[in-house]
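By UniProt numbering, the letter at position 93 of the sequence shown is numbered 93, and the numbering carries on one by one without gaps.
Contents: one structure, followed by commentary.
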Amino acid sequence: MADINLTPTLDGRTALVTGSAKRVGREVLLALADAGADVAVHYRQSGEAAAATAETAREYDVAATTVQADVTVPDEVDTMIARCEAELDTIDILVNAVGPLPQGRWDELSLAEWRRTIEGCLYGTYLCTQAVLPTMRDTHWGRIINFGVADARDDRAVPMNFPYFAAKKAVLLFTRTVAYDTQDNGITVNAVSPFAVENTVVDVSGYPRGRPARFNDVIAPILFFCTDAAEYISGQNIAIDGGRLQEA
């Protein structure tokens, strides 16, 4: 039987996690640092939180830096990638975790809120992915993990927060598209789609297993996607919903 190692050893790798100053992005970044990757903490406005996260990451004996950017602005994304490469190295692992979530019905949200959501979720994922792909192709190794949302994987009617679900549905299709386009480049592109994560809800009544997803529930598949054991898995999406959407 082949020797299969499901625990990633990311020594010598560099990871960029967008939206990683706080919340689930922070936990993902720290898990990658714990696995040995040098890490770039991305933020837009939360500079102090980003600096604190980078300091925590260094406790794992890895290099860590902070990078500021609006991921919907091409020039800012290019500058962010250049800074990562100058202060760390070329990016081997990209986790696209940015995703603004509006609160309201589709017909109550302003056009500005629609644009902010779609640009943050979809355009940000596209621009960051486009920026790191050339080097990943050159090195013939790369891991890209995008964040979807569990409710977006099927064609469900979601009047509340609709722009978010529409954008995340597009992110899942984009994931499959880039996976197809990089199948011979040593790159994998996958997605994780949580339903609700531990710091985003208060009332958990009616939730699968009586709770939202824990950070580790989200981190586990991301770490798996980064292993060499997962090098033949690309274009896939793992719904982290406790079985909530499995009804017939």
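Positions of the beta carbon are idealized from the N, C-alpha and C atoms, including for glycine.
- [ ] Using a threshold of 7 Å, state whether the C-beta atoms of Asp78 and Arg44 are closer than that.
- [x] Cβ distance not < 7 Å, so Asp78 and Arg44 don't count as in contact.
Task: Distance between Ile91 and Thr135 (C-alpha atoms, nearest Å) - done: If you take the alpha carbons of Thr135 and Ile91, they lie about 8 Å apart.
Task: Helix, strand or coil at Arg176 [DSSP, three-state] - done: Taken through DSSP and simplified to helix, strand or coil, Arg176 comes out as helix.
Task: Opposing strand residues paired with Tyr43 [DSSP bridges] - done: Partner(s): Gln68.
Open item on the list: Using C-beta distances below 7 Å, list every residue in its chain close to Arg58, excluding the 5 sequence neighbours before and after it, in chain order.
Closed with: Setting aside the 5 residues that flank it on each side, Arg58 is surrounded in the same chain by Ala64, each with a C-beta closer than 7 Å to its C-beta; the list follows chain order.
Open item on the list: Taking the straight line between their C-alpha atoms, what separation do you get for Pro208 and Val218?
Closed with: C-alpha separation (whole angstroms): 15 Å.
Open item on the list: For a quick check, are the C-beta atoms of Pro102 and Thr125 less than 7 Å apart?
Closed with: For Pro102 and Thr125, no; Cβs fall outside 7 Å.
Open item on the list: Measuring straight from C-alpha to C-alpha, what distance separates Ser193 and Ala166?
Closed with: Between Ser193 and Ala166, the C-alpha separation is close to 13 Å.
Task: Residue ranges of each alpha helix (DSSP H) within the region 95-146, 4 or longer - done: The qualifying runs are 111-118 and 124-139.
Task: Residues bridged to Asn190 [DSSP beta-bridge criterion] - done: Answer is Ile145.
Open item on the list: Here's the rule I'm using: 16 or more other beta-carbon atoms within 10 Å means buried, otherwise exposed. How should Asp107 be labelled?
Closed with: Within a 10 Å sphere around the beta-carbon of Asp107 sit fewer than 16 other beta-carbons, which makes this residue exposed.
TODO: Specify the secondary structure class of Thr14 as computed by DSSP and reduced to three states.
DONE: Strand at Thr14.
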